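Protein sequences, first through last, are from chains A and B. Here numbering that gives the first Met the number 0 is used: the first residue of the first sequence is 0, the next is one more, and so on. Here numbering that gives the first Met the number 0 is used: the first residue of the second sequence is 0, the next is one more, and so on. Glycine residues also receive a C-beta, built at the ideal position from the N, C-alpha and C atoms. Remember, it's a predicted structure, so these values are computed and weren't measured experimentally.
Number of protein chains: 2
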Amino acid sequence: MRLFFFFALLLFSHFSSWSQKNIHFERDSTMIRSIFDEALVRGEAYDQLRSLCKDVGARLTGSASAEMAIHWGVQRLQNYNFDTVYKQEIQVPHWERGTTEQGWFKTPEGTLNKVNLLALGGSIGTDGVLEGEIVMFKDRDALLKADRSKVKGKIVFIAQPMNQKMINTFRAYGGCYPIRGHGAADAGAKGATGVIIRSLSLSEHEHAHTGTMSYEEGTPKIPAAAISTKDATKLEEMLKKSEESFRFVMEMDCQQYPEITSYNVIAELKGSKNPDHIITVGGHLDSWDVGEGAHDDGAGIVHSMEALRILKDLNYQPKNTIRVVFFMNEENGNRGGKSYATYAKESGQQHIAAVESDRGGFAPRGFDVDGTEDHLALLRSFQSLLKPYYLHHFETGYGGVDIGPLKDEFDQIALFGFVPDSQRYFDFHHNHNDIFENVNKRELHMGAGSIASLIYLIDKYL
Amino acid sequence: MRLFFFFALLLFSHFSSWSQKNIHFERDSTMIRSIFDEALVRGEAYDQLRSLCKDVGARLTGSASAEMAIHWGVQRLQNYNFDTVYKQEIQVPHWERGTTEQGWFKTPEGTLNKVNLLALGGSIGTDGVLEGEIVMFKDRDALLKADRSKVKGKIVFIAQPMNQKMINTFRAYGGCYPIRGHGAADAGAKGATGVIIRSLSLSEHEHAHTGTMSYEEGTPKIPAAAISTKDATKLEEMLKKSEESFRFVMEMDCQQYPEITSYNVIAELKGSKNPDHIITVGGHLDSWDVGEGAHDDGAGIVHSMEALRILKDLNYQPKNTIRVVFFMNEENGNRGGKSYATYAKESGQQHIAAVESDRGGFAPRGFDVDGTEDHLALLRSFQSLLKPYYLHHFETGYGGVDIGPLKDEFDQIALFGFVPDSQRYFDFHHNHNDIFENVNKRELHMGAGSIASLIYLIDKYL
Chain A
0 MRLFFFFALL
10 LFSHFSSWSQ
20 KNIHFERDST
30 MIRSIFDEAL
40 VRGEAYDQLR
50 SLCKDVGARL
60 TGSASAEMAI
70 HWGVQRLQNY
80 NFDTVYKQEI
90 QVPHWERGTT
100 EQGWFKTPEG
110 TLNKVNLLAL
120 GGSIGTDGVL
130 EGEIVMFKDR
140 DALLKADRSK
150 VKGKIVFIAQ
160 PMNQKMINTF
170 RAYGGCYPIR
180 GHGAADAGAK
190 GATGVIIRSL
200 SLSEHEHAHT
210 GTMSYEEGTP
220 KIPAAAISTK
230 DATKLEEMLK
240 KSEESFRFVM
250 EMDCQQYPEI
260 TSYNVIAELK
270 GSKNPDHIIT
280 VGGHLDSWDV
290 GEGAHDDGAG
300 IVHSMEALRI
310 LKDLNYQPKN
320 TIRVVFFMNE
330 ENGNRGGKSY
340 ATYAKESGQQ
350 HIAAVESDRG
360 GFAPRGFDVD
370 GTEDHLALLR
380 SFQSLLKPYY
390 LHHFETGYGG
400 VDIGPLKDEF
410 DQIALFGFVP
420 DSQRYFDFHH
430 NHNDIFENVN
440 KRELHMGAGS
450 IASLIYLIDK
460 YL
Chain B
0 MRLFFFFALL
10 LFSHFSSWSQ
20 KNIHFERDST
30 MIRSIFDEAL
40 VRGEAYDQLR
50 SLCKDVGARL
60 TGSASAEMAI
70 HWGVQRLQNY
80 NFDTVYKQEI
90 QVPHWERGTT
100 EQGWFKTPEG
110 TLNKVNLLAL
120 GGSIGTDGVL
130 EGEIVMFKDR
140 DALLKADRSK
150 VKGKIVFIAQ
160 PMNQKMINTF
170 RAYGGCYPIR
180 GHGAADAGAK
190 GATGVIIRSL
200 SLSEHEHAHT
210 GTMSYEEGTP
220 KIPAAAISTK
230 DATKLEEMLK
240 KSEESFRFVM
250 EMDCQQYPEI
260 TSYNVIAELK
270 GSKNPDHIIT
280 VGGHLDSWDV
290 GEGAHDDGAG
300 IVHSMEALRI
310 LKDLNYQPKN
320 TIRVVFFMNE
330 ENGNRGGKSY
340 ATYAKESGQQ
350 HIAAVESDRG
360 GFAPRGFDVD
370 GTEDHLALLR
380 SFQSLLKPYY
390 LHHFETGYGG
400 VDIGPLKDEF
410 DQIALFGFVP
420 DSQRYFDFHH
430 NHNDIFENVN
440 KRELHMGAGS
450 IASLIYLIDK
460 YL
């Protein structure tokens, strides 16, 4: 009986994915081979990324370089002669790092240890030099449980590292994300004067990693910064060995400014059959203000643009409209994603799917899907077509920050997140190492081929 | 009828892999999780690789640094207190690059273009300055078909690039390998005075890539070198545009010396049940004499050593003897692999399996197996256990150069080749970029975890 059940299940699972979509294997595999050939032999993503990184550079929302990135995006999309290229106006926050940013810890004997430090995005400045006794917590829970008297008037150091055991490094990131996002609010609520965190990275190196944080209404705002993993390890080890107190000294003149106007950049290949059915593919155009935003998310920008170019250059006539969106402000506000979802709803068009690339330009592994069981079955029915390109991950998961808000507006939409290999991502994420030179051409182009292939298959079979 | 056949096949394929081995899923997945935790949290492979690259460096067979590498290997294996550590004496070729190595091409107008050039391993020197008219061939076939009168007295340039379309980059390498290996013999047979080839790399950059070549009895020996892909593209483009002849000037004082004595380095964990059944795991200790042999094959050395360390530190008692072999002379002779197979046969022991890592320290994809249908089925029965670690490639394929000769001695042996992602490999292969800094710690440690897991599973179920 159990054996029968097992076989019945087997049959059912194969039958359902087999019969559900009449995948035209030969035609589709020929098309996907052409897509990858185009991506690998005549691919333009790498040169486009070089230009975005070197001609524009880091491009934090609200900065002059973010404005230049918008100009760059419009121009590059126009050069490809897509059917439409336009900008969607949005309001965005504007925070600047300023020009002063330094930190030291002092041993009980008064020895100075300069650390590499980056203010977290959104932090207030220190208003001159801030100095205070360090109180260390091994993780956020320990801080939340601590008595106010232990924290008041001190500078909180949260030492929690990302978990090396996680094979998907984004899970390890997720585990530490609340420390960066809420550490200042948590510590401020208990009377701390500042907070420093161990950088969110799996690599032990000298560069600090920034990222967004926010304050909570009703709790005092205190300055927040990340120190490099190397500095954090050193400080933690010294604190553990010592019974006397250490002090931290920091100065930062970062500042929040009034909101300003910015833009999402949009281009389309019009659908031949259902022009009002939209498949969105995108990444985010803004980046942090250190490095060059190469993996995060220059890769996603050039992946999306290249996917559209490849389909156009192969003379593919999509049934549905395929729309590339360069989202603004993913890093510190997601105003681009939210405003796009509102705009999409108000347009009266039917948004059937969206694909996001925001996990770097590494060798492809597959796709996550955030949708129905049918959407997962559909994605899995593509598996044999994509296996020759070493894609193997087709699972329920997360689409992406930029496309996420579409789900609130369209119940039936399928969101797909491009999944490249994640082992190196947090070496580069939000720090000085996220530069063009750390992106590999073939890995980047394999990603563009994977995304173009998925869009082709969605357009045909969704 | 056809549908029935399809279902019958399905049942059969699932049934065979399901029933064949009584994989104890829970116990094994717990063990494999422990293996990866050890590799990722307390892994030593990266630090071992740093030492091999920085304390020893490049280590071409026959060189003093190869001797130091043997010393290093013995010491490192002894420090882990494995059951046995010993050396196997072998005879090896001895070739040296010398101290002079340069090249230029001259346009018809006499403009000099200096190129980055590396003598191919095994080449004779130029005996002073060699100059001659360049004759270009688009590939090896074109050279083989060419009339002797077109080649005689000239320097042959074979412009063939590796094929960017190949997803498995080792296939692209295989397509160009004969140019490097036989180009000198092919050109020499037609009276050429020298041969230069486009470096075997998928990346357009300024470093030349070396590698082994050989002469054929009865054909004149001529000097052979690789020029960088960047130089090769430039030369090819200029030659295509010009109707007049270009000249090539080269000087190399590389030289072959008499054979000398060297060693494979061996260590074991003795089998508790079948100590005379051997599972070999290895990589090659020698490297080319440029860069630091980090991916090729320092990664394989530390993968193998680390796999044994992990199993030992987790107190795993193998049924069979697990033997690590650091093979000498893979790059230019494979004497280590050949001698080891002979030694293995003469020992009277039963060699049941061998695993090789010689495709770099990149993120794991899976394993190739060179064996019977049963061996493939066995490997595939491990698939669900290894899927959480993003291993997905379990196919019939190549084991490796070092373990290959074991097959001639043991009919029933299963050879496994570790398959990491191959996109970046030929950026670094046999050139100045193959240094420690181009290896990622987590990717390397994921490889060690994968190999240790495979050995555990082979030991239990083969």
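C-alpha gap between residue i and residue j, whole angstroms
| i | j | result |
| --- | --- | --- |
| B:Phe6 | B:Asp367 | For B:Phe6, the predicted structure reports a pLDDT of 40, less than 50, and the residue's modelled location is therefore unreliable. A value from the coordinates is still provided. Whole-angstrom Cα-Cα distance: 27 angstroms. |
| B:Gly304 | B:Ala44 | Note that residue 304 of chain B is Met in the sequence shown, not Gly. Rounded to whole angstroms, B:Met304 to B:Ala44 spans 8 angstroms at the Cα level. |
| A:Gly446 | B:Met165 | 15 angstroms |
| A:Tyr172 | B:Thr106 | 56 angstroms |
| A:Asp54 | B:Asp295 | 36 angstroms |
| A:Ile309 | A:Ser338 | 28 angstroms |
| B:Tyr262 | B:Gln87 | 5 angstroms |
| A:Gly281 | B:Glu258 | 60 angstroms |
| A:Thr395 | A:Ser33 | 28 angstroms |
| B:Gly174 | B:Phe247 | 26 angstroms |
| A:Phe156 | A:Gln254 | 22 angstroms |
| B:Gly292 | B:Cys52 | 7 angstroms |
| B:Ala231 | B:Arg322 | 44 angstroms |
Bounding residues of the alpha helix (DSSP H) (the contiguous stretch that carries residue i)
| i | result |
| --- | --- |
| B:Pro419 | First-last for B:Pro419: 413-419, but that is the beta strand (DSSP E), not the alpha helix (DSSP H). |
| A:Thr29 | 24-40 |
| B:His181 | 168-188 |
| B:Asn78 | 63-78 |
| B:Leu377 | 372-380 |
| A:Ala141 | 139-144 |
Where residue i falls, given that 16 or more other Cβ within 10 Å makes a residue buried
| i | result |
| --- | --- |
| A:His428 | buried |
| B:Thr209 | buried |
| A:Leu456 | buried |
| A:His70 | exposed |
| A:Ser380 | buried |
| A:Phe393 | buried |
| B:Lys153 | buried |
| B:Leu355 | Rather than Leu, the amino acid found at residue 355 of chain B in this sequence is Glu. Counting Cβ neighbours within 10 Å, B:Glu355 comes out buried, since at least 16 surround it. |
| A:Asn464 | No statement about residue 464 of chain A is possible, as the shown extent of chain A runs from 0 to 461 and does not include it. |
| A:Leu307 | buried |
| B:Gly127 | exposed |
Bounding residues of the beta strand (DSSP E) (the contiguous stretch that carries residue i)
| i | result |
| --- | --- |
| B:Pro92 | 83-95 |
| A:His283 | 273-283 |
| A:Val323 | 319-326 |
| A:Glu250 | 246-251 |
| A:Tyr388 | From DSSP, A:Tyr388 is part of no beta strand (DSSP E); its letter is neither H nor E. |
| A:Trp103 | 100-105 |
| A:Thr260 | 254-268 |
| A:Gly193 | 193-197 |
is_contact[residue i, chain A] using C-beta, thresh 8 angstroms
| i | result |
| --- | --- |
| B:Asn432 | no |
| B:Thr438 | Here residue 438 of chain B is Val; the residue named in the question, Thr, does not match the sequence. Not closer than 8 angstroms to any Cβ of chain A, the Cβ of B:Val438 fails to qualify, so no. |
| B:Gln382 | no |
| B:Ala231 | no |
| B:Asp420 | yes |
| B:Met445 | yes |
| B:Arg358 | no |
Minimum Cβ-Cβ distance from residue i to chain B less than 8 angstroms
| i | result |
| --- | --- |
| A:Ile202 | Residue identity differs from the one stated: residue 202 of chain A is Ser in this sequence, not Ile. For A:Ser202, the answer is yes, since a Cβ of chain B falls inside 8 angstroms of its Cβ. |
| A:Glu235 | no |
| A:Val40 | yes |
| A:Glu442 | yes |
| A:Arg179 | no |
| A:Tyr339 | no |
| A:His391 | yes |
| A:Met542 | Residue 542 of chain A is absent from the structure shown; chain A starts at 0 and stops at 461. |
| A:Tyr388 | yes |
Any C-beta of chain E under 8 angstroms from that of residue i
| i | result |
| --- | --- |
| A:Arg423 | In the displayed structure, chain E is absent; the protein chains listed are A and B. |
_Cβ-based contacts, 7 angstroms cut-off: residues of the stretch 151-176 of chain A near chain B_ = Hits within the stretch, in order: Gln163, Lys164, Ile166.
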